[in-house]
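K.L.:
Protein chains: 2
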Amino acid sequence: MRFTSERRLDDGVLEREFTLGEIPGVLWTPDSAPAPDSAPAPLILIGHPPLGLDKMYPRLVGRARYYATEFGFAAATIELPGSGVRPRWDAAEQARAELRRVLAAGEPVTGEVVDALILPLVERAVPEWRAALDALLALPGLGGPVGYEGGVISVGVRLAVVEPRIAVAGFFAGSFIPAVMFEEARQVTIPLRVLLQWDDAGNDRQAALDLFDAFGSQEKSLHANLGGHTGVPRFEMEDGARFFARHLRRQGE
Amino acid sequence: MRFTSERRLDDGVLEREFTLGEIPGVLWTPDSAPAPDSAPAPLILIGHPPLGLDKMYPRLVGRARYYATEFGFAAATIELPGSGVRPRWDAAEQARAELRRVLAAGEPVTGEVVDALILPLVERAVPEWRAALDALLALPGLGGPVGYEGGVISVGVRLAVVEPRIAVAGFFAGSFIPAVMFEEARQVTIPLRVLLQWDDAGNDRQAALDLFDAFGSQEKSLHANLGGHTGVPRFEMEDGARFFARHLRRQGE
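Residue numbers (our numbering), protein chains in the order written: chain R, 1 to 253; chain Z, 1001 to 1253.
See below:
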């Protein structure tokens, strides 16, 4: 992991861009580091849709700053494979083109289309997140308990299954879900919080409810709010932070 | 309205039992009254299932004390017709007996059974809540904005439609819902927060989701949590109080 830029935001949060091999990412840490003898700060991994970090930056930094200033959490994100400045790959481009064609033609989005779109992304992104986690937790002041939040929900589900350092997760049910993920969901046992935009035109509400039902976790909450994909109310960010604090502070102490 | 008892709880909350005609009720008010020139305290009407106030008291007083000490809200409840010390009435007793028979026989709970059980309760309880609201808002220190919370959800839906002084509501989706309430739900336009226990054996999950979908409110949130009827997590009470505060403080200022 190599830091490529560093700046102090006006609320004191330290924002550092980094690269991990070819993968760009951003790390945000609170103004005041934990005392030397106290537990390391919890770390929130912020997932996002494959639209490119540049485009997603305003929403990501808003959450990271809130977490750092109000809760003392560190937060980090990385670019998804095939997005932003990262090289495109043919299979993913073809799958995206096929989805656009199907939607434009008003045809049903079949399981094959969804699998081709999502599963290769999961296969590539999950090991990258794990490598980023290795590097992040080795940094001074980090090393505390870890939460994951955001979309792509299938990436989050796979991470929750295979990565034992992720102790808690907040998912955003806003993307297509391959059938196999409903099976993987049964293996998820960490505390979960799932956000669902009730009127999200690009989202299958019933699939989101079925996925929530499938999760094996003993503690899981679904929060549905009115409105479309980008209309998640601000109070859900605040509630999400309290959810992380309930679980990560307990672990970290 | 006649106060029949008064005591100061150890956190300073004033608990007063009252009767309104034949209807018993309880009013909880914060230790420190609002300053004479400040807005009156918001009032939360706490609804509950028809099990009798005595049986429900521990859960009701827990919420009322939290609202009073943490948020400065007043809270009140009244006994439902046919419950607790109030006289039984034949039609309601017959409807309850028929529900028990149907459940014991493993027969489906038909719309007729649900209508007979719930609609007469709604018809009687809603005017009583409105009369209680008249009396409560005339008391010194009250008169602020009003929220309603709890079950019976059909009572809450009807109240939200007919009672303009109720500015916001938190419902508990944990009882049978007559078909006509799905129509009435479309007329509800106040901000709503609906709690759903995902594994509530006595509850129809799909009916609760359909009712949430039917509400006409521009701001509505559904919070589903794992567990049965009485397993609502404590953090939902805290979140519910913040929900009321967001809407009632704004109104009261």
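We put the beta carbon where it would ideally sit given N, CA and C, even for glycine.
#1: Give, in chain order, every unbroken run of the alpha helix (DSSP H) that is at least 4 residues long and sits entirely within the region 1081 to 1153 of chain Z.
#2: What span of residues does the alpha helix (DSSP H) with residue 1183 of chain Z cover, start to end?
#3: Please list, in chain order, all residues of the same chain as residue 198 of chain R whose beta carbon is under 8 Å from its beta carbon, the five residues on each side excluded.
#4: Consider the Cβ of residue 200 of chain R: report whether some Cβ of chain Z lies at a distance smaller than 8 Å.
#5: Can you list, in chain order, the residues of the region 203 to 221 of chain R whose Cβ is nearer than 8 Å to any Cβ on chain Z?
#6: Alpha carbon to alpha carbon, what distance is there between residue 195 of chain R and residue 186 of chain R?
#7: Does DSSP put residue 214 of chain R in a helix, in a strand, or in coil?
#8: Mark residue 1003 of chain Z as exposed unless 16 or more other C-beta atoms lie within 10 angstroms of its C-beta, in which case mark it buried.
#9: Which of the three DSSP states, helix, strand or coil, is assigned to residue 230 of chain R?
#10: Rounded to the nearest angstrom, what separates residue 179 of chain R and residue 153 of chain R at their Cα positions?
#11: Count the other CB atoms within 10 Å of the CB of residue 959 of chain Z; is the residue buried (16 or more) or exposed (fewer)?
#12: Can you pull the chain Z residues whose beta carbon is under 8 Å from the beta carbon of residue 246 of chain R, in chain order?
#13: Given a cut-off of 8 Å, decide if residue 81 of chain R and residue 125 of chain R are closer than it, judged by their beta-carbon atoms.
#14: If you measure from the beta carbon of residue 1226 of chain Z to each beta carbon in chain R, is any gap under 8 Å?
#15: Within 10 angstroms of its Cβ, does residue 1145 of chain Z collect 16 or more other Cβ (buried), or is it exposed?
#16: Note down, in chain order, each residue of its chain lying with its Cβ closer than 8 Å to the Cβ of residue 1109 of chain Z, except the 5 sequence neighbours on either side.
#17: Quick check on the DSSP output: the beta strand (DSSP E) that includes residue 1165 of chain Z runs from which residue to which?
#18: What does residue 229 of chain R reach in chain Z if we use C-beta pairs closer than 7 Å?
#19: Name the DSSP bridge partner or partners of residue 19 of chain R?
#20: Have a look at the DSSP bridge pairing and note the partners of residue 1247 of chain Z.
#21: What residues of chain R sit near residue 1239 of chain Z, judged by a beta carbon separation below 7 Å?
#22: Can you give me the C-alpha to C-alpha distance between residue 172 of chain R and residue 149 of chain R, rounded to a whole angstrom?
#23: 8 Å is my cut-off, CB to CB: does residue 251 of chain R come that close to chain Z?
#24: When DSSP labels each residue in this structure, what does residue 173 of chain R get in the three-state scheme?
#25: Give the single residue among Z:1013, Z:1015, Z:1025, Z:1113 whose Cα lies nearest to the Cα of residue 1001 of chain Z.
#26: Exposed or buried, what is residue 1202 of chain Z when buried is set at 16 or more other beta-carbons lying within 10 Å of its beta-carbon?
#27: If you run the structure through DSSP and keep just helix, strand and coil, what is residue 1261 of chain Z?
#28: Could you check which residue in R:111, R:244, R:60, R:143 has the C-alpha nearest to that of residue 181 of chain R?
#29: Let me check one thing: in DSSP terms, what residues is residue 75 of chain R bridge-paired to?
#30: Taking only beta-carbon atoms, is residue 254 of chain R less than 8 Å away from chain Z?
#31: Measuring straight from C-alpha to C-alpha, what distance separates residue 1257 of chain Z and residue 1159 of chain Z?
#32: What do you reckon, are the CB atoms on residue 64 of chain R and residue 43 of chain R nearer than 8 Å?
#33: Just to confirm, is the Cβ distance from residue 243 of chain R to residue 193 of chain R under 8 Å?
P.N.:
Here's the rundown:
#1: List check, alpha helix (DSSP H) in window: 1090 to 1104, 1111 to 1137.
#2: Position 183 of the second sequence, counting from 1, holds the residue named residue 1183 of chain Z. Where residue 1183 of chain Z is concerned, the enclosing alpha helix (DSSP H) stretches over 1179 to 1185.
#3: Sequence index remark: in the first sequence, residue 198 of chain R carries index 198 (1-based). Taking C-beta separations shorter than 8 Å and ignoring five residues to either side along the sequence, the partners of residue 198 of chain R in its chain run 205, 224, 225, 226, 227, following chain order.
#4: One-based indexing of the first sequence puts residue 200 of chain R at position 200. Output row for residue 200 of chain R: interface = no.
#5: Within the region 203 to 221 of chain R, those residues whose Cβ lies closer than 8 Å to any Cβ of chain Z are, in chain order, 209, 212, 213, 217, 218, 219, 220, 221.
#6: Position 186 of the first sequence, counting from 1, holds the residue named residue 186 of chain R. Position 195 of the first sequence, counting from 1, holds the residue named residue 195 of chain R. Straight-line spacing of the CA atoms in residue 186 of chain R and residue 195 of chain R works out to 18 Å.
#7: Translated into the one-based positions of the first sequence, residue 214 of chain R becomes position 214. Looking at residue 214 of chain R - three-state DSSP - the assignment turns out to be helix.
#8: Residue numbering aside, residue 1003 of chain Z sits at position 3 when the second sequence is read from its first letter. That one is exposed.
#9: Here residue 230 of chain R is taken as the residue at index 230 of the first sequence, counted from 1. Here residue 230 of chain R sits in coil by DSSP.
#10: Within the first sequence, the letter at position 179 stands for residue 179 of chain R. Within the first sequence, the letter at position 153 stands for residue 153 of chain R. Straight-line Cα distance between these residues: approximately 13 Å.
#11: One cannot answer for residue 959 of chain Z here, as it falls past the ends of chain Z, which runs 1001 to 1253.
#12: What you label residue 246 of chain R is simply residue 246 of the first sequence in a count that begins at 1. Close to residue 246 of chain R, with beta-carbon spacing below 8 Å, are these residues of chain Z in chain order: 1235.
#13: As a first step, residue 125 of chain R must be located in the first sequence, where it is residue number 125. As a first step, residue 81 of chain R must be located in the first sequence, where it is residue number 81. Judged by beta-carbon spacing, residue 81 of chain R lies within the 8 Å limit of residue 125 of chain R, meaning their Cβ atoms are closer than that value.
#14: For the purposes of this step, residue 1226 of chain Z is taken as the residue at position 226 of the second sequence. For residue 1226 of chain Z, the answer is yes, since a Cβ of chain R falls inside 8 Å of its Cβ.
#15: Here residue 1145 of chain Z corresponds to residue number 145 of the second sequence, with the count starting at 1. Residue environment analysis places residue 1145 of chain Z among the buried positions, since at least 16 neighbouring C-beta atoms fall within 10 angstroms of its C-beta.
#16: Position 109 of the second sequence, counted from the start, is the residue given in the question as residue 1109 of chain Z. If we look at residue 1109 of chain Z and ignore the five residues flanking it on each side, its Cβ neighbours are 1099, 1102, 1103, 1176.
#17: One-based indexing of the second sequence puts residue 1165 of chain Z at position 165. Run containing residue 1165 of chain Z: none; DSSP gives neither H nor E here.
#18: Here residue 229 of chain R is taken as the residue at index 229 of the first sequence, counted from 1. Those do not exist, as residue 229 of chain R stays about 16 Å from chain Z at its closest Cβ, beyond 7 Å.
#19: Here residue 19 of chain R corresponds to residue number 19 of the first sequence, with the count starting at 1. Within the DSSP bridge table, the entry for residue 19 of chain R names R:2, R:24 as partners.
#20: As a position in the second sequence, residue 1247 of chain Z is number 247, starting the count at 1. For residue 1247 of chain Z, which the question treats as bridged, DSSP gives no partner whatsoever.
#21: Start at 1 with the first residue of the second sequence, and residue 1239 of chain Z comes out as number 239. Within chain R, the residues placing a beta-carbon under 7 Å from that of residue 1239 of chain Z are 239, ordered along the chain.
#22: Position 172 of the first sequence, counted from the first residue, corresponds to residue 172 of chain R. Position 149 of the first sequence, counted from the first residue, corresponds to residue 149 of chain R. Taking the Cα positions, residue 172 of chain R is about 8 Å away from residue 149 of chain R.
#23: Residue numbering aside, residue 251 of chain R sits at position 251 when the first sequence is read from its first letter. Caution is warranted here: a pLDDT of 48 is assigned to residue 251 of chain R, below 50, making its placement in the model unreliable, and no coordinate value can be reported.
#24: Reading the first sequence from its first residue, position 173 is the one you call residue 173 of chain R. Looking at residue 173 of chain R - three-state DSSP - the assignment turns out to be coil, as it is neither helix nor strand.
#25: Indexing the second sequence from 1 puts residue 1001 of chain Z at position 1. Taking only the C-alpha atoms, the option nearest residue 1001 of chain Z is Z:1025.
#26: One-based indexing of the second sequence puts residue 1202 of chain Z at position 202. The C-beta of residue 1202 of chain Z has fewer than 16 other C-beta atoms within 10 Å across all chains shown, which makes the residue exposed.
#27: The structure shown does not extend to residue 1261 of chain Z, since chain Z spans only 1001 to 1253, so no value can be given for it.
#28: For this step, residue 181 of chain R is matched to residue 181 along the first sequence. For residue 181 of chain R, the closest C-alpha among the options R:111, R:244, R:60, R:143 is that of R:111.
#29: Along the first sequence, one-based indexing puts residue 75 of chain R at 75. Answer by DSSP bridge pairing, in chain order: R:28, R:44.
#30: A question about residue 254 of chain R goes unanswered here, because the residues of chain R that appear run from 1 up to 253.
#31: Outside the shown range of chain Z (1001 to 1253) lies residue 1257 of chain Z, about which nothing can therefore be said.
#32: Start at 1 with the first residue of the first sequence, and residue 64 of chain R comes out as number 64. Start at 1 with the first residue of the first sequence, and residue 43 of chain R comes out as number 43. It is not a contact, given that the beta carbons lie outside the stated cut-off.
#33: Here residue 243 of chain R is taken as the residue at index 243 of the first sequence, counted from 1. Here residue 193 of chain R is taken as the residue at index 193 of the first sequence, counted from 1. Yes, Cβ-Cβ distance for residue 243 of chain R and residue 193 of chain R is below 8 Å.
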